[in-house]
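Numbering (this note's numbering), first residue to last: 20 to 598. Yeah, the Cβ is synthetic: ideal placement off N, Cα and C, and Gly gets one too. Only a predicted model underlies this, so the values are computations on that prediction, with no experimental measurement involved.
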Amino acid sequence: MESGDLQQVAAMNMETEFEIECESNTTETQNNFSFAPLNQPTPKKGVLSFILIAASIVSSVSGLIYGYELANISGALLQLQSDFHLTCGKQEILVSAILIGGTIGSMVVGYIIDLWERRIAIIATTLCFVVGNVIMSASTSYIMLVVGRIIVGIATTSGVFSVCIYLSEIAPSEKRGMLVSLIEFKIVIGVLLAYIINYAFSNTLDGWRWMFGINLVPAVLQIIGVFFLPPSPRFMVKKGNDEKANLILQKIRSYGNIDDELTNIKASLSNEGNYTFLDLFRAKDNIRLRVGIGFGLIFFLQASGQPNILYYASTILRSVGFASNTAATLASISMGLVKVICTVLAMLLMDQLGRKTFLYIGSTSMVVMLIILAMVLRKIPMQFTNVCNYPNQTNHWQDNVTSTMPGYNSTAAQVFISKTQVNPTLETTRYSITNQNGIGTTMVPNQFSSQLKGSPEQNEDEMEQVSPLLKWLSLGCLLLYIAAFSLSFGPVVWVLLSEIFPTGIKGRAVAFVGCLNWALNLLVALTFLSVTESIGLTWIILIYAVLSFFGLIFIIFFIPETKNQTLEEISEQLKQGFL
C-alpha cells in the first residue's frame with residue numbers, strides 16, 4: 020500500500036474516533052440532563068448560556084406564585100368580608116395565616132435544602148402549594164380558608180428560599196445580583212397580576228375563588244419545568260460528584276475554562292467541614308455574625324412597613340378617599356406597576372452600582388416619603404374604624420333591607436346585594452339581589468335606606484368629604500414610598516441572604532433568618548388593623564419612618580458590599596470578620 024493510501028486510511032480512522040468520542044459525550048450529556056433541547060453548545064464569552072437563562076426563569080416562578088399570594092388577599096378580602104361576615108380579628112387572622120405557614124415552613128425547609136438537591140426542594144414546595152390553593156379555592160367555611168392559606172404559606176415561603184439558594188449557586192459572580200433579584204422581580208410581577216385579577220373579578224359573584232384558583236396555572240407549569248433543569252454544581256461537589264459538577268459548569272457558563280471556578284468551589288467546601296444547627300449561634304467561621312447581619316436585614320425590611328401596605332392596600336386606599344372596592348383595587352394596580360419598574364431598574368444595575376448603594380438610596384427615600392405621607396394623612400378626615408367595621412355594617416344594612424322587601428324569602432339565602440341605579444325623580448334606588456332563583460330587582464325608597472345605620476350611601480358620603488388633592492397626594496406618596504422599597508430592600512435582601520452564608524449550612528441559615536422574617540411579619544399583620552384603629556394610621560406611618568431611619572444606620576455600619584465577588588471570596592472575607 021502506498022504512503023498516500025496509508026495517510027488516507029489514518030485520516031479516516033481519526034475521523035471515526037472523533038465521531039465515536041462525540042457520540043459518547045452526547046450520550047453522557049443526555050444522561051445527566053433529561054431535556055435534550057437544553058444541551059446547546061457553550062456560548063461565546065459575555066453571553067449567558069441558554070441553560071442558565073432557562074433555569075433562572077423556570078425556578079423563579081416560585082417568586083411569582085409567592086407575590087401573587089401575598090397581594091391577592093387584598094382584593095379577595097373585600098368580597099370575603101361579606102360572604103363570611105368577617106370581623107376585624109378574623110380578617111387579621113386570615114391575612115396572617117400565610118405568615119403562620121411561612122414560620123412553620125422555615126423551620127423545616129432548611130434541612131430539606133441542605134440534605135436534598137435544591138431542585139427537589141422546589142418541586143416539593145410547589146406541590147404543597149397546589150394542595151393549599153385547591154383548599155382555598157373550594158372553601159365553604161372560614162376554617163377552610165385559614166387552613167388552606169397556612170398550607171400555601173408553608174409552600175410559597177419555602178419555595179422562595181429554595182430558589183434563592185439555587186440561583187445563587189448556579190449564577191456567575193458578575194451576574195449573581197441580577198439573577199437572584201429575578202426572584203423579587205417575579206414577586207412584584209405576581210403582585211401586579213394579583214391586583215389586575217382582583218380588579219377583573221371585583222364585581223363577580225364568588226370572584227374570590229377565581230382570584231385564588233388562577234395561581235394554579237404557573238405552579239403546574241413550574242413543576243413540569245424544574246425536572247429539566249441542571250442541579251447546583253456546588254451541591255454536586257458537596258456530595259462528592261466532581262465529574263458531574265464539571266459537566267454542569269461547562270454548560271451553564273459563558274466561558275470555556277471553568278477549572279479555576281471548580282477548584283475554588285472544591286477548596287472552599289473542603290475547608291468548611293460539617294455544620295450543625297447549633298453552629299448558627301457559635302463563632303465558628305463567624306457564622307453568628309452572619310446570622311446577625313441577616314437578622315438585621317430582615318428586621319428593618321419588616322420595620323419599613325412595606326408588607327402591611329401590600330396586605331391592606333385596598334383597605335388603606337379606601338380609607339383615604341377611594342370609596343368603592345373597584346376604585347381602591349384599581350388604585351392598587353398602580354402600586355404593582357411601580358414595584359415592577361423599580362425592581363427591574365435595581366435588577367439591571369445592582370451588579371454595577373453595588374448592593375449598598377441601592378440600600379442607601381431606598382432607605383433615605385423611604386424615611387422622607389413616610390414623613391410626608393404622615394403629614395398628608397393628618398389633613399384627611401378619615402375614620403379607619405369605619406373601614407374596619409364596614410362589612411358588619413353592610414351586612415346589618417342588607418339584613419334590614421331584605422327582610423322588609425315584598426316577597427323576600429329567608430330560605431332563599433340572599434348572598435349579595437349591590438346598588439345599581441339611583442332614580443332621583445322617584446326618590447328610589449334600584450338594588451340587585453342574588454338568591455337561589457337568580458338576580459331580582461327591587462325598588463327601595465331612598466328615605467328608608469338612608470336611615471339605616473352603616474348603609475353604603477352613608478359610608479360613601481363620609482369618604483367623599485376627602486379633598487381630591489389630599490387623596491391623590493396620599494396615593495403619590497405611597498407610590499414613591501413603594502418605589503424606594505422596590506429599589507432597595509425588596510431585591511437586595513434576597514441577594515445578600517443568598518451570598519453571606521457558607522454552602523454547607525446555607526439552607527438552614529437562610530431558613531432560620533427567614534423564620535424571624537415571617538414571625539415579625541405575623542406579629543405586625545395580626546395587629547395592624549387593631550393598632551391602627553387605636554392610635555391612627557398617621558402614627559403608624561411615623562413609626563415606620565423612625566424605624567427606617569435606624570435601618571439606614573444599620574446599613575452604613577454592618578452590611579458588606581458583595582458585588583463582583585464569588586461566593587467563596589465573600590465567605591472567606593466574612594470568615595475573617597471583614598465587612
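Taking C-beta to C-beta, are residue i and residue j nearer than 7 Å?
i: residue 129; j: residue 176; result: no
i: residue 149; j: residue 238; result: yes
i: residue 523; j: residue 294; result: yes
i: residue 510; j: residue 200; result: yes
i: residue 537; j: residue 118; result: yes
i: residue 155; j: residue 172; result: no
i: residue 247; j: residue 136; result: no
i: residue 83; j: residue 209; result: yes
i: residue 179; j: residue 87; result: no
i: residue 241; j: residue 127; result: no
i: residue 6; j: residue 512; result: The requested residue 6 does not occur in the structure, where the chain is confined to residues 20 to 598.
i: residue 215; j: residue 390; result: no
i: residue 577; j: residue 317; result: no
i: residue 386; j: residue 190; result: no
i: residue 388; j: residue 496; result: yes
i: residue 507; j: residue 314; result: no
i: residue 165; j: residue 95; result: no
Please check the pair residue i and residue j, which I expect to be a contact at CB under 8 Å, by giving their CB distance rounded to whole angstroms.
i: residue 529; j: residue 184; result: 6 Å
i: residue 559; j: residue 551; result: 5 Å
i: residue 78; j: residue 140; result: No, residue 78 and residue 140 are not in contact; Cβ-Cβ is about 11 Å, not under 8 Å.
i: residue 235; j: residue 152; result: 6 Å
i: residue 355; j: residue 114; result: That pair is no contact at about 18 Å.
i: residue 398; j: residue 499; result: So it is not a contact: roughly 18 Å between Cβ atoms.
i: residue 133; j: residue 526; result: 4 Å
i: residue 582; j: residue 304; result: Contact doesn't hold; Cβ gap of about 22 Å is too wide.
i: residue 624; j: residue 281; result: This structure cannot settle anything about residue 624, because the visible part of the chain is limited to 20 through 598.
i: residue 392; j: residue 486; result: Wrong, their Cβ atoms sit about 15 Å apart, outside the cutoff.
i: residue 363; j: residue 204; result: 6 Å
i: residue 591; j: residue 370; result: Not really, about 20 Å apart at Cβ, beyond 8 Å.
Could you check the C-alpha separation between residue i and residue j for me, to the nearest Å?
i: residue 469; j: residue 505; result: Note that residue 469 scores 40 on pLDDT, short of 50, meaning its location in the model is unreliable; the coordinates nonetheless yield the value given after this. C-alpha separation (whole angstroms): 44 Å.
i: residue 618; j: residue 257; result: Nothing about residue 618 can be read from this structure; the chain reaches only from 20 to 598.
i: residue 501; j: residue 517; result: 23 Å
i: residue 589; j: residue 519; result: 7 Å
i: residue 568; j: residue 562; result: 10 Å
i: residue 226; j: residue 159; result: 14 Å
i: residue 425; j: residue 221; result: Annotation note: pLDDT 34 at residue 425 (below 50); position unreliable, coordinate value reported separately. The alpha-carbon atoms of residue 425 and residue 221 are separated by roughly 29 Å.
i: residue 93; j: residue 323; result: 19 Å
i: residue 596; j: residue 541; result: 33 Å
i: residue 367; j: residue 197; result: 6 Å
i: residue 325; j: residue 89; result: 12 Å
i: residue 585; j: residue 111; result: 42 Å
i: residue 108; j: residue 548; result: 8 Å
i: residue 70; j: residue 186; result: 12 Å
i: residue 131; j: residue 308; result: 24 Å
i: residue 357; j: residue 202; result: 17 Å
i: residue 587; j: residue 521; result: 8 Å
i: residue 361; j: residue 503; result: 8 Å
i: residue 284; j: residue 379; result: 32 Å
i: residue 279; j: residue 374; result: 26 Å
i: residue 121; j: residue 531; result: 11 Å
i: residue 251; j: residue 76; result: 15 Å
i: residue 161; j: residue 245; result: 34 Å
i: residue 147; j: residue 262; result: 33 Å
i: residue 556; j: residue 195; result: 39 Å
i: residue 655; j: residue 289; result: Residue 655 lies beyond the stretch modelled for the chain, which goes from 20 to 598, so this question has no answer here.
i: residue 249; j: residue 145; result: 18 Å
i: residue 157; j: residue 170; result: 14 Å
i: residue 298; j: residue 72; result: 35 Å
i: residue 686; j: residue 328; result: Given a span of 20 to 598 for the chain in the structure shown, any question on residue 686 remains unanswerable.
i: residue 268; j: residue 174; result: 29 Å
i: residue 243; j: residue 383; result: 42 Å
i: residue 553; j: residue 270; result: 58 Å
i: residue 566; j: residue 539; result: 14 Å
i: residue 142; j: residue 359; result: 26 Å
Closer than 6 Å to a non-hydrogen atom of the ligand ZN - does that hold for the CB of residue i?
i: residue 122; result: This structure lacks the ligand ZN, and indeed carries no ligand of any kind.
At least three beta-carbon pairs within less than 8 Å, the region 259 to 278 to the region 83 to 103: no
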